[in-house]
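Novice: If you use this note's numbering, the sequence shown corresponds to residues 28 to 99, in order.
Just passing along the structure, written as structure tokens.
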Amino acid sequence: MGKIINILPMANREDNLQEIMEALQEVKDALVEVLDQYEEEGAEEKADTLMEALDALEDAYDVINDAVMDEI
28 MGKIINILPM ANREDNLQEI MEALQEVKDA LVEVLDQYEE EGAEEKADTL
78 MEALDALEDA YDVINDAVMD EI
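Encoded structure:
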């Protein structure tokens with residue numbers, strides 16, 4: 028997760044949003060792996076907290092996707 032998105036030089040907003048969506052997907056995938064580990068260990072409180080974070084990331088992804096679709 029060491030990737031930083033450089034938005035300024037890109038001219039196309041849709042490309043910027045697409046890059047952000049890809050980065051969000053990477054974070055979501057990584058979070059699912061960690062969430063699975065906590066669930067396997069029985070750490071329900073941490074798993075619940077991480078599930079809320081995952082839900083928020085999914086919401087952000089959906090909102091950005093809607094914005095991209097509106098511009099097409």
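Glycine included, every Cβ here is placed at the ideal spot set by N, Cα and C.
All of these numbers come straight from a predicted model, not from anything done at the bench.
Could you check the C-alpha separation between Y88 and Q52 for me, to the nearest Å?
Specialist: 8 Å
Novice: Going by CA-CA distance only, name the one from A94, D93, E79, E85 that's closest to A50.
Specialist: E85
Novice: Counting only the same chain and skipping the five closest in sequence on each side, list residues whose C-beta sits under 7 Å from that of L44.
Specialist: These residues qualify, in order along the chain: I91, A94, V95.
Novice: Please confirm whether Y65 and K55 have their CB atoms less than 9 Å apart.
Specialist: no
Novice: Let me know the secondary structure DSSP gives N39 once reduced to three states.
Specialist: coil
Novice: With a CB to CB cut of under 8 Å and the five nearest residues on each side skipped, what residues in its chain are close to L58?
Specialist: L77, A80, L81, L84
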